[in-house]
């Protein structure tokens, strides 16, 4: 039970933190101007030179291995919804770490996503 | 410019909501077929990872997740994290459908209702501007 809780924390908190590091790196890298594979590869290549990418990748890799272990003994339809609590962590991180303006509409959206996730978990 | 930004963001989010559930599903299927999983001692855990990475299904899942990450990064190059992340929650609907039709898991009416609420939440987020930070065009 303790191990399961720890793995969920790794997936939710560390995984979301890693995604926010990626977001920070992409904001520094610049915008994808055209939806073409060559432009996408070029932009991703530029992004690899930003340190936040590597911090994010390390955090996401830790979360990924935790997800692998969780999926070995828990049902996919339980693990995926619980890990969706990262939306709350993501909303807060967007404001304080990325400096985004999270409007009331977005918070309602995030809140509904969390309620939806809770319903899915209760339904287990 | 606003329409173009939205269009590009929607396309990338569409890739995300398909690639992520499919990747997770493939990894789940792969992990269920590798046999007993031991967390301790460390060599036993490493042996588990060795068996996992020797499975084709796991690698297919990883390829899907890499596609998801690339689409996610590209979307984040032009849209807010607090926009992209909730919008990608539409993937839960795809996950439920895959769980029913591929894994044979049962999905109760309450769970479907939860997924509907998630979709409603995503629609709220969709109505906001994708980018609120500097460089907004």
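Protein chains in written order, with this note's numbering: chain Y, 14 to 137; chain P, 3 to 139. Beta carbons: idealized from backbone N, C-alpha and C, even for Gly.
In terms of alpha-carbon separation, which member of the options lies closest to residue i?
{"i": "residue 91 of chain P", "options": "Y:108, Y:105, Y:95", "result": "Y:95"}
{"i": "residue 29 of chain Y", "options": "Y:107, Y:63, Y:121, Y:49", "result": "Y:107"}
{"i": "residue 18 of chain Y", "options": "Y:62, Y:80, Y:57", "result": "Y:80"}
{"i": "residue 104 of chain Y", "options": "Y:119, Y:21, Y:61", "result": "Y:119"}
{"i": "residue 31 of chain P", "options": "P:126, P:54, P:109", "result": "P:54"}
{"i": "residue 17 of chain P", "options": "P:46, P:78, P:47, P:73", "result": "P:73"}
{"i": "residue 125 of chain P", "options": "Y:128, Y:121, Y:130, Y:136", "result": "Y:121"}
{"i": "residue 93 of chain P", "options": "P:60, P:120, P:109, P:29", "result": "P:120"}
{"i": "residue 42 of chain Y", "options": "Y:53, Y:49, Y:48", "result": "Y:53"}
{"i": "residue 102 of chain P", "options": "Y:88, Y:109, Y:15", "result": "Y:88"}
{"i": "residue 25 of chain Y", "options": "Y:115, Y:99, Y:15, Y:114", "result": "Y:99"}
{"i": "residue 29 of chain P", "options": "P:122, P:135, P:58", "result": "P:58"}
{"i": "residue 105 of chain P", "options": "P:39, P:26, P:11", "result": "P:26"}
{"i": "residue 2 of chain P", "options": "P:15, P:8, P:96, P:100", "result": "Residue coverage of chain P in this structure runs from 3 to 139, which leaves residue 2 of chain P outside it and unanswerable."}
{"i": "residue 7 of chain P", "options": "P:46, P:82, P:107", "result": "P:82"}
Starting from the beta carbon of residue i, find every residue of chain P whose beta carbon is closer than 7 Å, and list them in chain order.
{"i": "residue 116 of chain Y", "result": "130"}
{"i": "residue 30 of chain Y", "result": "In chain order: nothing, as chain P lies at least about 12 Å away."}
{"i": "residue 36 of chain Y", "result": "78, 83"}
{"i": "residue 107 of chain Y", "result": "82, 83, 84"}
Spatial neighbours of residue i within its chain, please: CB distance less than 7 Å, with the 5 preceding and 5 following residues excluded, ordered by chain position.
{"i": "residue 132 of chain Y", "result": "none"}
{"i": "residue 85 of chain P", "result": "127, 130, 132"}
{"i": "residue 138 of chain P", "result": "The predicted position of residue 138 of chain P is uncertain, since its pLDDT is 47 and thus under 50; a value taken from the coordinates is nonetheless stated next. Once the five neighbours on either side are set aside, residue 138 of chain P has no close Cβ partner at all."}
Excluding sequence positions up to five away, which residues of its chain have a Cβ less than 6 Å from the Cβ of residue i?
{"i": "residue 66 of chain Y", "result": "38, 60"}
{"i": "residue 24 of chain P", "result": "66"}
{"i": "residue 69 of chain Y", "result": "31, 34, 35"}
{"i": "residue 136 of chain Y", "result": "none"}
DSSP three-state label for residue i, please.
{"i": "residue 105 of chain P", "result": "coil"}
{"i": "residue 30 of chain P", "result": "helix"}
{"i": "residue 43 of chain P", "result": "coil"}
{"i": "residue 8 of chain P", "result": "helix"}
{"i": "residue 110 of chain Y", "result": "coil"}
{"i": "residue 87 of chain Y", "result": "coil"}
{"i": "residue 17 of chain Y", "result": "helix"}
{"i": "residue 129 of chain P", "result": "coil"}
{"i": "residue 113 of chain P", "result": "helix"}
{"i": "residue 79 of chain P", "result": "coil"}
{"i": "residue 135 of chain P", "result": "coil"}
{"i": "residue 58 of chain P", "result": "helix"}
For residue i, which residues in chain P fall below 9 Å Cβ to Cβ?
{"i": "residue 24 of chain Y", "result": "Chain P residues near residue 24 of chain Y: none, gap ~11 Å exceeds 9 Å."}
{"i": "residue 18 of chain Y", "result": "Within chain P, no residue comes near residue 18 of chain Y; the closest Cβ sits about 14 Å away, beyond 9 Å."}
Within the same chain, show all residues whose beta-carbon is closer than 8 Å to that of residue i, passing over the 5 residues directly before and after it, in chain order.
{"i": "residue 101 of chain Y", "result": "123, 127"}
{"i": "residue 111 of chain Y", "result": "33, 36, 37, 40"}
{"i": "residue 2 of chain P", "result": "The question about residue 2 of chain P has no answer, for chain P in this structure spans 3 to 139."}
{"i": "residue 80 of chain P", "result": "7, 10, 11, 132, 133"}
Residue i touches chain Y at which residues, Cβ-Cβ below 8 Å?
{"i": "residue 72 of chain P", "result": "53, 57"}
List the residues of chain Y that residue i touches, going by C-beta distances under 7 Å, in chain order.
{"i": "residue 18 of chain P", "result": "Neighbours of residue 18 of chain P on chain Y: none; closest Cβ ~12 Å, over 7 Å."}
{"i": "residue 119 of chain P", "result": "125, 128, 129, 132"}
{"i": "residue 12 of chain P", "result": "The premise fails here: residue 12 of chain P is roughly 11 Å from chain Y at the closest Cβ pair, so nothing lies under 7 Å."}
{"i": "residue 105 of chain P", "result": "89"}
At 9 Å on the CB atoms, spell out the chain Y contacts of residue i, in chain order.
{"i": "residue 39 of chain P", "result": "82, 85, 86"}
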